[in-house]
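Q: 3 is the number of the first residue of the sequence shown in our numbering; add one for each residue after it. Virtual Cβ for every residue (Gly too), placed ideally from N, Cα, C. Fair warning: this is a prediction, and the values are worked out from it, not measured in the lab.
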Amino acid sequence: MSRATMEVDSADTGRERVGLAIVLTLVEVLMFFGFITLAAASPATLASPVVEGSNITLAFLYGIVILVAGVLLIGLYVLIENAADSRDFVSTQPKVIR
Numbered sequence: 003m004s005r006a007t008m009e010v011d012s013a014d015t016g017r018e019r020v021g022l023a024i025v026l027t028l029v030e031v032l033m034f035f036g037f038i039t040l041a042a043a044s045p046a047t048l049a050s051p052v053v054e055g056s057n058i059t060l061a062f063l064y065g066i067v068i069l070v071a072g073v074l075l076i077g078l079y080v081l082i083e084n085a086a087d088s089r090d091f092v093s094t095q096p097k098v099i100r
């Protein structure tokens with residue numbers, strides 16, 4: 003494999019990684035703007051308790067879900083990127099023929 007081929011391959015991989023980052027970011031942004039839209043359109047819904055008689059509101063629960071989803075999406079991105087880096091590292095190592 004020539005050096006020029008390796009550079010093209012790494013450029014393609016970089017584009018794929020940006021695409022993954024954009025998709026995961028859009029998921030988080032849609033969740034956040036869904037919360038903001040719900041707060042603007044129906045604040046009474048967010049003020050309602052999760053369970054009757056509870057002090058925990060739907061807004062609090064939704065906020066926690068957004069935070070946890072953000073952490074999980076970051077973890078997913080790191081796992082996917084680390085796996086891709088491992089494959090890239092192994093594929094670029096010289097092969098030893100005995």
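For the structure I just gave you, are there three or more beta carbon pairs, one from the segment 69-76 and one from the segment 39-48, closer than 8 angstroms?
A: No: the two stretches stay apart, fewer than three of their Cβ pairs being nearer than 8 angstroms.
Q: Note the first and the last residue of the continuous alpha helix (DSSP H) segment covering PRO51.
A: Premise fails: PRO51 is in no alpha helix (DSSP H) and is neither H nor E.
Q: Determine the direct distance from the alpha carbon of PHE34 to that of LEU48, and round the result to whole angstroms.
A: One C-alpha to the other measures close to 14 angstroms.
Q: Does the distance from the CB of LEU26 to the CB of LEU78 come in under 9 angstroms?
A: Contact flag set, yes.
Q: Return the chain-ordered list of same chain residues with a C-beta closer than 8 angstroms to the C-beta of ILE82, the five sequence neighbours on each side being excluded.
A: Excluding residues within five positions, the ones whose Cβ falls inside 8 angstroms are LEU22.
Q: Tell me, please, which residues DSSP counts as bridged to THR59.
A: BP columns for THR59 point to PRO51.
Q: Alpha carbon to alpha carbon, how far is LEU63 from ALA86?
A: Going from the Cα of LEU63 to the Cα of ALA86 covers about 34 angstroms.
Q: Give me the Cβ distance between LEU60 and VAL52, rounded to the nearest whole Å; I'm assuming they're in contact under 8 angstroms.
A: About 6 angstroms; that satisfies the 8 angstroms criterion.
Q: Among the residues of its own chain, which have a CB less than 8 angstroms from the CB of ASN57, if the five just before and after it don't count?
A: Counting only Cβ-Cβ distances below 8 angstroms, and skipping sequence neighbours, we find PRO51.
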